[in-house]
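> First residue of the sequence shown? That's 1150 in the working numbering, and the numbers climb one at a time after it. Just so you know, even glycine gets a beta-carbon here, dropped at the ideal spot from N, CA and C.
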Amino acid sequence: DKSFDTHPVNGSSLDDLSHSYFENEYLPQAVARDVLETNGRSYEERLASLGMIASVDDPTPTVVGLLTLGKSPRTWVPPAYIQFLRIRGTQWGDPVVDEAEIDGNLDTMLRRLDEKLKATLAVSVDFTSGSTTEVRAMPYPLSALQQLTRNAVMHRTYEGTNAPVRIYWFDDRIEISNPGGPYGSVTQENFGRPGASDYRNPILAGVLKNMGFVQRFGFGIAEARRAMAANGNPMPEFQVEANNVLATLRLGATGAET
């Protein structure tokens, strides 16, 4: 009955995890320094205590272990990537002017995604009539994009599918598709309501919090709504189905793509 992110991945081994990344990068973020200095645990014991391997006696990497520390996560967890398309137009079938498959361990993947989002955010320019004042407005707030894309990585299902998280950026909207519908206490009816939250991948959620990609659990959608309103965009739209959640962000009245 354990969550899927804690399942061992048969065939993988400790050699598929980056020992140096774990010791030098992840562990100092996950465990207080004074605890690290006094507990004296072995490498395998530290991995097991954080859910990265099944146990000390069975050091098979888990799903979350490979996602977090894996040298090549997609080798073992095929859907562990983000597909990004920049579509010049507003319809499916319009020309694709930029595309990328963004992968790597969680830290690498989300930092690469941040770079792609920042590079793609066009700056619109509105010259006020009769004025030399130049007003620049971002078409979408970066915070909203980060919250919803990170939520998709955190809440998606990694079981029974090879589908990635998809980000399709049209001229008039951005669609973020998450392969994984509502889970646990979250239903199609209460999705997005304050206080309605549950975790398909609880260990993965903890990893993202340790890394600083998630600040407060259950606040992602609320922060995206706040950021969109502050930027003059319509509220995010959510199409919630049994096996997929589609979030759509639309341009505001002053926003424009270049």
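Grouping DSSP H, G and I as helix and E and B as strand, with all else coil, what is serine 1326?
Along the sequence shown, one-based indexing puts residue 1326 at 177. Serine 1326 falls in the strand class under three-state DSSP.
> Please state whether DSSP places threonine 1281 in a helix, a strand or coil.
In the sequence shown, the residue the question calls residue 1281 occupies position 132. Low confidence applies to threonine 1281: its pLDDT is 47, below 50, so where it sits in the model is not reliable, and the reading given next is rough at best. Residue state, collapsed to three classes: coil.
> Under a three-way DSSP split, which group does asparagine 1254 fall into?
The residue you call residue 1254 lines up with position 105 of the sequence shown. Residue state, collapsed to three classes: coil.
> Given a cut-off of 8 Å, decide if methionine 1201 and threonine 1217 are closer than it, judged by their beta-carbon atoms.
The sequence position of residue 1217 within the sequence shown is 68, counting from 1. The sequence position of residue 1201 within the sequence shown is 52, counting from 1. Yes.
> For the alpha helix (DSSP H) that alanine 1354 lies in, which residues bound it at each end?
One-based indexing of the sequence shown puts residue 1354 at position 205. Its alpha helix (DSSP H) spans residues 1351-1360.
> Tell me whether phenylalanine 1368 sits in a helix, a strand or coil according to DSSP, three-state version.
Locating residue 1368 in the sequence shown gives position 219, where the first residue counts as 1. Phenylalanine 1368 falls in the coil class under three-state DSSP.
> Using 10 angstroms around the beta-carbon of valine 1394, count the other beta-carbons present and answer buried if the total reaches 16, otherwise exposed.
Position 245 of the sequence shown, counting from 1, holds the residue named residue 1394. Burial call: buried.
> If we ignore side chains and look at the alpha-carbon of each, how far apart do proline 1290 and alanine 1371 end up?
Position 141 of the sequence shown, counted from the start, is the residue given in the question as residue 1290. Position 222 of the sequence shown, counted from the start, is the residue given in the question as residue 1371. Each residue's Cα considered, the two are about 14 Å apart.
> Buried or exposed, going by whether 16 or more other CB atoms sit within 10 Å of the CB of glycine 1361?
For this step, residue 1361 is matched to residue 212 along the sequence shown. Note on glycine 1361: under 16 other CB atoms within 10 angstroms of its CB, so exposed under the neighbour-count rule.
> Whole angstroms are fine: how far does the CA of asparagine 1188 sit from the CA of glutamine 1296?
As a first step, residue 1296 must be located in the sequence shown, where it is residue number 147. As a first step, residue 1188 must be located in the sequence shown, where it is residue number 39. Their backbone Cα atoms lie some 35 Å apart in a straight line.
> Tell me whether arginine 1374, by its Cβ, gets closer than 7 Å to a heavy atom of the ligand FAD.
By its list of ligands, the structure shown contains no ligand whatsoever, and the ligand FAD lies outside what it can speak to.
> Give the single residue among Ser1346, Phe1340, Met1377 whose Cα lies nearest to the Cα of glutamine 1388.
Here the question's residue 1388 lines up with position 239 in the sequence shown. Comparing Cα positions, the closest option is Phe1340.
> What is the DSSP secondary structure of tyrosine 1170, counted as helix, strand or coil?
Taking the sequence shown and counting its residues from 1, one reaches residue 1170 at position 21. Helix, per DSSP.
> Can arginine 1349 and histidine 1304 be called in contact, C-beta distance under 8 Å?
Here residue 1349 corresponds to residue number 200 of the sequence shown, with the count starting at 1. Here residue 1304 corresponds to residue number 155 of the sequence shown, with the count starting at 1. Yes; because the gap between Cβ atoms is below 8 Å, this pair is in contact.
> Just list the residues that DSSP pairs glycine 1219 with in beta bridges.
The residue labelled residue 1219 in the question sits at position 70 within the sequence shown. Beta-bridge pairing links glycine 1219 to Leu1166.
> Would you decide whether proline 1328 is buried or exposed? Buried here means 16 or more other CB atoms lie within 10 Å of its CB.
Along the sequence shown, one-based indexing puts residue 1328 at 179. It is buried - the Cβ of proline 1328 has at least 16 other Cβ atoms within 10 Å.
> Give the DSSP bridge partners of leucine 1398, in chain order.
Residue 1398 sits at position 249 when you count from the first residue of the sequence shown. Note: leucine 1398 sits in a beta bridge opposite Ile1323.
> If we ignore side chains and look at the alpha-carbon of each, how far apart do serine 1167 and aspartate 1263 end up?
Position 18 of the sequence shown, counted from the start, is the residue given in the question as residue 1167. Position 114 of the sequence shown, counted from the start, is the residue given in the question as residue 1263. Each residue's Cα considered, the two are about 23 Å apart.
> Using three-state DSSP, classify aspartate 1150 as helix, strand or coil.
Numbered from 1 along the sequence shown, position 1 holds the residue referred to as residue 1150. Three-state result, aspartate 1150: coil.
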